[in-house]
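Taking our numbering, the leading residue of the sequence shown gets 18, the next gets one more, and so forth. For glycine and all other residues, C-beta sits at the position ideal for the given N, C-alpha and C. No experiment lies behind these values; they were computed from the predicted model shown. Here is the structure we will look at, set down as structure tokens.
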Amino acid sequence: MDKIYLSKSRYCRAFQCNKMLWMDRFMSDEKDSESKESVFENGRKVGELAKGLFGKYVNIEYNEDLNVMVSETFKEMKNSPNVINEASFCFDNNFCSVDILKNDTDGVEIYEVKSSTHVTDIYLEDASYQYFVLKSLGYNVKKVCIVYLNKEYIRKGKLEPDKLFNIKDITEIAISKMEEINNKITEINEFMKEHPEEKVPNVKVGIHCVKPYLCDYFKFCLGKLPKNNVFDIPNMSFKTKFKLYSSGKVDFKDLRKEKLNKNYLQQIEFELDEKEPKIDVKEIKKFLESLSYPLYFLDFETFDVAIPEYDYTSPYMQVPFQYSLHYITKENGKLMHKEFLAEANEDPRRKLAERLVKDIPKDLCVLAYNMSFEKSVIKKLAKLYPDLSEHLLNITENMKDLMVPFRKRHYYARQMQGSYSIKYVLPALFQDDKNLDYHNLDLVHNGKEASNTFLSLKNMAEEEQKVLRESLLKYCRLDTYAMVKTFEKLKEEVL
Ligand code: SF4
């Protein structure tokens, strides 16, 4: 086999694990299917915006034949000084496209653009690989930088790319990595030579499978594990999981003899012994007594995008666009419902905040599931709208968390599988109840799908929007309805 054709992303994948690159080449069908659509979309938008960071530029268009991109770049390089986006180079089968290349008469500067709000180690590898390629081709590389999003930036009026982006100079790091990268490329090529298509590499799973990114082939590489195994313990750190896994302690039967956190041991014990639910009546009563009627059940849906769309938003700030509110005015009273879903083409926050203070009167008990999220959303609205602030903050002050009895394990059933997320608690409390099964919803089944759906509405025809808006409403409605049912279930248990 000739030397493998590397690109910056392939190099980074192999940097995480050689087998990942091998899998991409020969067994990519084994990829886990989780959608990374929104991550790609954020990356694309950030890349587009960053292009103009240094003023006028030329763009090297993508071509399946990468040699065309290289020769186009070569032509543009002659017009220095200039800025070339996607400037493409190849040294000894090591290809790279530089996001932004400042091409001066006395040398070049490399700018790698990331849609993240911080610089991670793998970004350093990415940019250093590009330095290696250009330096090996004989260019005088004056600077290597990472361009990333400034978390502190708050949009006011027109976007200001020079303030939205931070630039970190990593030239010294890139220089220091030259030899390391050369060795890594040799290692990758040897690895690929030693593992032709028919020879699946035998690489042990470990922390490299989840850091810096969860590998797409994790399920494949774990292979067949017992039904209840160490990877089924939701809150255990990967470090501990891999430690147990590598010492052969995988099955719950083996793990129950280990010195583990009491919650993990409880999950294991409940599963192996098929125990009945544990219900701490005294504690649940205490929790229920802390609530009062009228009782409201609130849930928000939010989106977060890399590039702030509206005034007074920052990169990846949670922007609420929808809520569902069930409420009961008195003990055993009728269940009522209100909801809000913003229009797709405007900043949703003002209308949402106004509706919220109308829908939830002051000094009433409001239940949320994992209330820190709902509280933080409302507090941001209060900061933004001083005229509504007092009422909004009053809502947060009267908020109670329905997750507490489950997080504290005052109610625990083995079907919760060690988790206190509503998505696990619900099927455990209401087995086979179709009305409470998120799988039975159309189109929108979870928060990520909800935010992607809302963001996609803008570009749709009215009829199409109508269908999706109905799905969004149904989804959010189920969130608060599920809370009502959960609350009722707790009440039944302590009667
Ligand atoms: S799951 Fe782990 S061992 Fe398998 S390809 Fe991914 S990183 Fe490598």
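{"Check": "Could I get the ranges of all uninterrupted alpha helix (DSSP H) runs contained in the segment 237 to 263, with 4 residues as the minimum, in chain order?", "Outcome": "255 to 263"}
{"Check": "Under a Cβ-count criterion, where at least 16 other Cβ atoms within 10 Å of its own Cβ denotes burial, should residue 22 be classed as buried or exposed?", "Outcome": "exposed"}
{"Check": "Going by alpha carbons, who is nearest to residue 49 out of 160, 232 and 217?", "Outcome": "232"}
{"Check": "What does the alpha-carbon distance come out to for the pair residue 281 and residue 141?", "Outcome": "37 Å"}
{"Check": "What's the gap between the Cα of residue 398 and the Cα of residue 486?", "Outcome": "23 Å"}
{"Check": "Would you check if the distance between the CB atom of residue 262 and the CB atom of residue 247 is smaller than 8 Å?", "Outcome": "yes"}
{"Check": "Which ranges would you report for the beta strand (DSSP E) in the segment 131 to 166 if only whole runs of at least 3 residues count?", "Outcome": "158 to 166"}
{"Check": "Does the beta-carbon of residue 298 have 16 or more other beta-carbons within 10 angstroms, so that it is buried, or is it exposed?", "Outcome": "exposed"}
{"Check": "Rounded to whole angstroms, what's the CA-CA distance from residue 458 to residue 227? Just pull it up for me.", "Outcome": "31 Å"}
{"Check": "Jot down the residue ranges of each uninterrupted alpha helix (DSSP H) in the segment 296 to 379, minimum 4 residues, whole runs only, in chain order.", "Outcome": "298 to 306 and 366 to 376"}
{"Check": "What span of residues does the alpha helix (DSSP H) with residue 118 cover, start to end?", "Outcome": "Element bounds for residue 118: not the alpha helix (DSSP H) but the beta strand (DSSP E), 111 to 121."}
{"Check": "Which residues bound the beta strand (DSSP E) around residue 77?", "Outcome": "Note, residue 77: premise wrong, no beta strand (DSSP E); not H, not E."}
{"Check": "Counting only the same chain and skipping the five closest in sequence on each side, list residues whose C-beta sits under 7 Å from that of residue 150.", "Outcome": "106, 108, 111 and 113"}
{"Check": "Which of helix, strand or coil does DSSP assign to residue 125?", "Outcome": "strand"}
{"Check": "Inspect the beta-carbon positions of residue 374 and residue 409 and report whether they are closer than 8 Å.", "Outcome": "yes"}
{"Check": "By DSSP's criteria, residue 105 is part of a beta bridge. Which residues make up the other side?", "Outcome": "114"}
{"Check": "Using only the alpha-carbon positions, how far apart do residue 251 and residue 480 sit?", "Outcome": "41 Å"}
{"Check": "Is residue 429 near the ligand SF4, judged by its Cβ being under 7 Å from some heavy atom?", "Outcome": "no"}
{"Check": "Here's a check: name, in chain order, each residue in its chain whose Cβ is nearer than 7 Å to the Cβ of residue 288, leaving out the five neighbours to either side.", "Outcome": "245, 269 and 431"}
{"Check": "Output the boundary residues of the beta strand (DSSP E) element that contains residue 447.", "Outcome": "Where residue 447 is concerned, there is no enclosing beta strand (DSSP E), given that its DSSP letter is neither H nor E."}
{"Check": "How would you write the range of the alpha helix (DSSP H) that residue 184 sits in, first residue to last?", "Outcome": "From DSSP, residue 184 is part of no alpha helix (DSSP H) but of the beta strand (DSSP E) over 182 to 186."}
{"Check": "Flag this pair as yes or no: are the beta carbons of residue 94 and residue 59 separated by less than 8 Å?", "Outcome": "no"}
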